[in-house]
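Participant: Residue numbers (our numbering), protein chains in the order written: chain X, 403 to 590; chain E, 4 to 200.
Backbone N, C-alpha and C fix where the C-beta goes; we use that ideal spot for every residue, glycine too.
1) Report the residue ranges of all alpha helix (DSSP H) runs contained in full by the stretch 503-559 of chain X; include only those spanning at least 4 residues, in chain order.
2) Chain X beta carbons: is any one of them nearer than 9 Å to that of residue 160(E)?
3) Among all the DSSP beta bridges, which residues are the ones paired with residue 58(E)?
4) Starting from residue 196(E), find everything on chain X with Cβ-Cβ shorter than 7 Å and list it in chain order.
5) Kindly identify the DSSP beta-bridge partner or partners of residue 442(X).
6) Reducing DSSP to helix, strand and coil, say where residue 468(X) ends up.
7) For residue 567(X), collect the residues of the same chain with a Cβ closer than 6 Å to its Cβ; drop the 5 residues on either side in sequence, then sort them by chain order.
8) Could you tell me whether the Cβ atoms of residue 425(X) and residue 493(X) are closer together than 9 Å?
9) Run the CB neighbour count on residue 36(E), radius 10 Å, all protein chains shown included, and call it buried at 16 or more, exposed below.
10) For residue 47(E), count neighbouring C-beta atoms within 10 Å of its own C-beta (all shown protein chains included) and say buried if the count is 16 or more, exposed if not.
11) Using CA coordinates, which residue listed in 160(E), 158(E), 40(E) is at the minimum distance from residue 94(E)?
12) For chain E, find out if any of its Cβ atoms is closer than 9 Å to the Cβ of residue 549(X); answer yes or no.
13) Shorter than 9 Å from the beta carbon of residue 133(E) to some beta carbon of chain C?
14) Rounded to the nearest angstrom, what separates residue 146(E) and residue 198(E) at their Cα positions?
15) Where DSSP assigns a beta bridge to residue 493(X), which residues make up the other side?
16) Express the C-alpha separation of residue 527(X) and residue 468(X) in angstroms, rounding to a whole number.
17) To test your reading of the DSSP string, which unbroken beta strand (DSSP E) runs of 3 or more residues are found completely within the stretch 86-123 of chain E?
18) Using the Cβ count rule (16 or more neighbours within 10 Å means buried), how would you classify residue 519(X)?
19) Would you mind working out which of 79(E), 135(E), 77(E), 69(E) sits nearest residue 121(E), comparing C-alpha positions?
20) If you count every other CB in all the chains shown that lies within 10 Å of the CB of residue 547(X), and 16 or more means buried, which is it?
21) By Cβ distance below 6 Å, which residues in the same chain neighbour residue 133(E) in space, the five residues on each side in sequence not counted?
22) So the candidates are 100(E), 138(E), 137(E), 115(E); which of them puts its Cα closest to the Cα of residue 87(E)?
23) Kindly list, in the order they appear in chain X, the residues whose Cβ is closer than 9 Å to that of residue 149(E).
24) In chain X, which residues lie with their C-beta within 8 Å of the C-beta of residue 137(E)?
25) In the DSSP assignment, find the beta strand (DSSP E) that holds residue 3(E) and state where it starts and stops.
26) Determine the direct distance from the alpha carbon of residue 109(E) to that of residue 151(E), and round the result to whole angstroms.
27) Is it right to say residue 442(X) is buried, meaning 16 or more other beta carbons lie within 10 angstroms of its own, or is it exposed?
28) Spatial neighbours of residue 504(X) within its chain, please: C-beta separation below 6 Å, excluding the five flanking residues on both sides.
29) Can you confirm whether residue 515(X), when its beta carbon is compared against all beta carbons of chain E, has any partner nearer than 9 Å?
30) Checking the sheet assignment: what are the DSSP bridge partners for residue 63(E)?
31) Quick check on residue 155(E) - is its C-beta less than 9 Å from some C-beta in chain X?
32) Do the CB positions of residue 138(E) and residue 76(E) come within less than 9 Å of each other?
33) Could you tell me whether any Cβ in chain E is nearer than 9 Å to the Cβ of residue 461(X)?
34) By alpha-carbon positions, which one of 429(X), 439(X), 447(X), 515(X) ends up nearest to residue 525(X)?
35) Can you give me the start and stop residues for the beta strand (DSSP E) that residue 451(X) sits inside?
36) Taking beta-carbon pairs under 7 Å, can you tell me which members of the stretch 103-119 of chain E lie near chain X?
The structure is reproduced here in structure tokens:
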């Protein structure tokens, strides 16, 4: 864990209600269990049954759907690591800046295994209730950066013609990667 | 994480007692309002002068998919480009979270695509961009900014990204169609500019 844990004085300031869990601690635990421990019970333990997850490019997810997505990511990037770059907490809100990195060895969001190492920066906003249960989870991430690193989106400077050439190349490469994954009995 | 951030005074808005705090802390409770004020001037009133006023000369901006931006002048240029692309640009702040010298904001930017945006010629489409930003202040001025935003969603709204389930062949077809459409749009834009001249 990167050293963003606050000193006791700061934690006390953010956590004025007696008996209430510091949302900052809860946010740390959530990150740890979701992405390091890969604990399938994490949302049962920590999230309110009505908790919602707002991620770009998806309809709003519930606990079950978010767990499914998380498991897909665990499978697609077995060497996943997460670095906490910053954490800002006030009242019931915790905002974090994190970096996800890993090698994409499984199918992810319809992209066949590329074997490429990908590192993307994200921001996460969470709301925790007075019982220390997660109520809302929002995320923004550099998905364009991710797709560029995976070779799906052409580099910015390519222009429409470069993009067309790139799409052809990607299509051919994906077909090849899919065949390879099938031959080696790789994950679907 | 920068160590010097951790070395700052530890009181937050809820517990800060003005009569007991020294001047730098005394200013901190207002940073959220200040951040909202700056955003309002820059994005809702097209007042790029607010950037000169509130951004430090050694300002650094971290935006996804771009090299870091150094100094208020480059950030102003970004703002001007965005305003040309989306002349009716408006920003609405949804959530603000402040701790010491940092203010986090979740916001929604809306605007009609009337000028070149990320290399895409004007489509007239009403765009919606959700974003999260963090501002780090030194005193009353912005020293650093981080942004993450759903640019992919905007490309989707503009019809640039092929549908999720298109597959490689669908993607090629999509790209062909797109280039045709871009050609038409570019010609239209050129015509419009000529008749305006």
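Facilitator: Taking the geometry as given:
1) 545-552
2) Taking the first residue of the second chain as 1, we reach residue 160(E) at position 157. It does not; no Cβ of chain X falls within 9 Å.
3) Within the second chain, residue 58(E) is the residue found at index 55, counting from 1. In the DSSP output, where bridge partners are listed per residue, residue 58(E) has 145(E).
4) In the second chain, the residue the question calls residue 196(E) occupies position 193. Per Cβ cutoff of 7 Å: no residues; residue 196(E) is ~20 Å from chain X at best.
5) In the first chain, residue 442(X) corresponds to position 40, counting from 1. In DSSP, residue 442(X) forms no bridge with anything.
6) By 1-based counting over the first chain, the position of residue 468(X) is 66. Residue 468(X): helix per DSSP, three-state reduction.
7) Along the first chain, one-based indexing puts residue 567(X) at 165. Summary for residue 567(X): the model assigns pLDDT 49, below 50, so the residue's position carries little reliability, and this model does not support an answer.
8) Residue numbering aside, residue 425(X) sits at position 23 when the first chain is read from its first letter. Residue numbering aside, residue 493(X) sits at position 91 when the first chain is read from its first letter. Yes, Cβ-Cβ distance for residue 425(X) and residue 493(X) is below 9 Å.
9) Here residue 36(E) refers to the residue found at position 33 of the second chain. Exposed: under 16 other Cβ atoms inside 10 Å.
10) Numbered from its first residue, the second chain carries residue 47(E) at position 44. Exposed, because fewer than 16 other Cβ atoms sit within 10 Å of the Cβ of residue 47(E).
11) As a first step, residue 94(E) must be located in the second chain, where it is residue number 91. Of 160(E), 158(E), 40(E), the residue nearest in Cα terms is 40(E).
12) Mapped onto the first chain, residue 549(X) falls at position 147. By this cut-off, residue 549(X) is an interface position.
13) Included in the structure are the protein chains X and E, with no chain C among them.
14) Taking the first residue of the second chain as 1, we reach residue 146(E) at position 143. Taking the first residue of the second chain as 1, we reach residue 198(E) at position 195. Those two C-alpha atoms are separated by around 44 Å.
15) Indexing the first chain from 1 puts residue 493(X) at position 91. According to DSSP, residue 493(X) bridges with nothing at all.
16) Along the first chain, one-based indexing puts residue 468(X) at 66. Along the first chain, one-based indexing puts residue 527(X) at 125. About 15 Å.
17) 93-102, 105-115
18) On the first chain, position 117 is the one that residue 519(X) refers to. By the 10 Å Cβ count, residue 519(X) comes out exposed.
19) Your numbering for residue 121(E) matches position 118 in the second chain. Closest by alpha carbon: 69(E).
20) Your numbering for residue 547(X) matches position 145 in the first chain. Classification of residue 547(X): buried, given that the 10 Å Cβ count is 16 or more.
21) Position 130 of the second chain, counting from 1, holds the residue named residue 133(E). 111, 153, listed in sequence order.
22) On the second chain, position 84 is the one that residue 87(E) refers to. The option with the nearest alpha carbon to residue 87(E) is 115(E).
23) The residue labelled residue 149(E) in the question sits at position 146 within the second chain. Result: 487, 488, 499, 523, 525.
24) Within the second chain, numbered from 1, the residue matching residue 137(E) stands at position 134. In chain order: 488, 490, 497, 499, 525.
25) Because chain E spans 4 through 200 in this model, residue 3(E) falls outside it and cannot be assessed.
26) Start at 1 with the first residue of the second chain, and residue 151(E) comes out as number 148. Start at 1 with the first residue of the second chain, and residue 109(E) comes out as number 106. For residue 151(E) and residue 109(E), the distance between alpha carbons rounds to 10 Å.
27) Walking along the first chain from the start, residue 442(X) turns up at place 40. Counting Cβ neighbours within 10 Å, residue 442(X) comes out exposed, since fewer than 16 surround it.
28) By one-based count along the first chain, residue 504(X) stands at place 102. The residues are 479, 481, 482.
29) Stepping through the first chain from its first residue, residue 515(X) is reached at position 113. It does not: the Cβ of residue 515(X) has no partner Cβ on chain E nearer than 9 Å.
30) Within the second chain, numbered from 1, the residue matching residue 63(E) stands at position 60. Looking at the DSSP assignment, residue 63(E) forms a beta bridge with 73(E), 147(E).
31) Taking the second chain and counting its residues from 1, the one referred to as residue 155(E) is at position 152. By this cut-off, residue 155(E) is an interface position.
32) Here the question's residue 138(E) lines up with position 135 in the second chain. Here the question's residue 76(E) lines up with position 73 in the second chain. Not a contact, by the Cβ cut-off of 9 Å.
33) Position 59 of the first chain, counted from the start, is the residue given in the question as residue 461(X). By this cut-off, residue 461(X) is not an interface position.
34) One-based indexing of the first chain puts residue 525(X) at position 123. If we check each option's Cα against that of residue 525(X), 429(X) comes out closest.
35) Working through the first chain from its first residue, we reach residue 451(X) at position 49. Here the beta strand (DSSP E) through residue 451(X) covers 449-456.
36) 105, 107, 109
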